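With my numbering applied, the sequence shown corresponds to residues 3 to 192, in that order.
Report on one structure; see the data block that follows.
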Amino acid sequence: MVEASETVSQFNRFKETGIKLDEACYNIVMNALCKLGEMDGAVALLIEMKGRRTIPDIVSYTTLIHGYCLEGKLNDALSLFHEMKMNGRKPDVVTYNVLVGGFSRNGVVQKVCSLLNDMENWGLKPNTVTHNTIIEGLCIGGMVEDAEAFFDNLEEKCLGNYSAMVSGYCEANHTDKAFNYLSGCPIKDL
């Protein structure tokens with residue numbers, strides 16, 4: 003976390019000198035603040051960006067959405083997600099992965115399904131990271147049976163999906179299931 007604190011300090015020094023900072027600079031500092039658990043400061047930077055006529059991009063929004071998800075502030079994450087879309091920023095797979103991860107870790111399975119539908123409505127296809135995030139998130143959230151059902155319903159499974167299931171079992175303290183799953187895995191190049 004020392005690097006995150008130093009990033010914020012350096013950013014403030016740059017601002018004091020009058021150097022024009024672009025959205026990439028703001029995004030880096032917002033990410034650092036999120037890692038430090040300082041969401042108020044990160045959101046203040048988003049507001050500052052708008053005031054300086056620096057247009058927040060999808061990275062700006064996704065970074066803050068991720069910060070809110072890490073803190074379990076899912077309503078704030080969704081509000082920012084809706085603001086992003088209203089401001090003409092099209093969400094990408096990364097944004098959806100952040101949201102489905104946050105909601106699955108917090109056991110809000112209905113919203114995960116809704117987000118997957120919304121994602122497809124935007125013409126985006128869930129990828130392996132999306133699937134693995136949901137599997138691991140559900141396990142961490144104590145919803146191992148939902149993770150198993152989700153995994154079982156995947157049309158195509160890859161090594162990463164099996165790995166996510168094993169990791170999820172371990173996170174949920176179901177090491178016996180993890181071992182059984184691993185030993186029964188049809189992908190033999192483990």
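Each residue gets a CB set at the ideal place from its N, CA and C atoms; glycine is no exception.
In this text the structure is predicted, and so the values were computed from the model without any measurement.
Which of helix, strand or coil DSSP assigns to residue i
i    : result
H176 : coil
N182 : helix
T19  : helix
E157 : coil
E85  : helix
L38  : coil
C187 : coil
M145 : coil
N129 : coil
D120 : helix
Buried versus exposed call for residue i [16 or more other C-beta atoms within 10 Å across all chains shown]
i    : result
A151 : exposed
D148 : buried
E5   : exposed
F105 : buried
L192 : Residue confidence is low: L192 scores 48 on pLDDT, short of 50, so the model does not pin down where it sits. No coordinate-derived value is stated.
F153 : buried
Same chain, Cβ closer than 6 Å to residue i, neighbours up to 5 away in sequence not counted
i    : result
D78  : Y70
N134 : G162, A166
G39  : none
Same chain, Cβ closer than 7 Å to residue i, neighbours up to 5 away in sequence not counted
i    : result
N108 : G74, L76, G143
M121 : Y98, P128
V96  : T64
K87  : P93
8 Å Cβ shell around residue i - same chain, five flanking residues per side excluded
i    : result
V110 : L76
T9   : I30, V31, A34
E173 : E138, C141, I142
Closer than 8 Å to chain B by CB, residue i
i   : result
Y63 : No chain B is present in this structure, which holds just one protein chain.
For the region 120-131 and the region 143-157, state whether three or more C-beta atom pairs, one from each stretch, are separated by less than 8 Å. no
Cβ contact (3+ pairs, closer than 8 Å) linking the region 15-23 and the region 57-66: no
Runs of beta strand (DSSP E) wholly within the region 43-115 (minimum 3 residues, chain order): none
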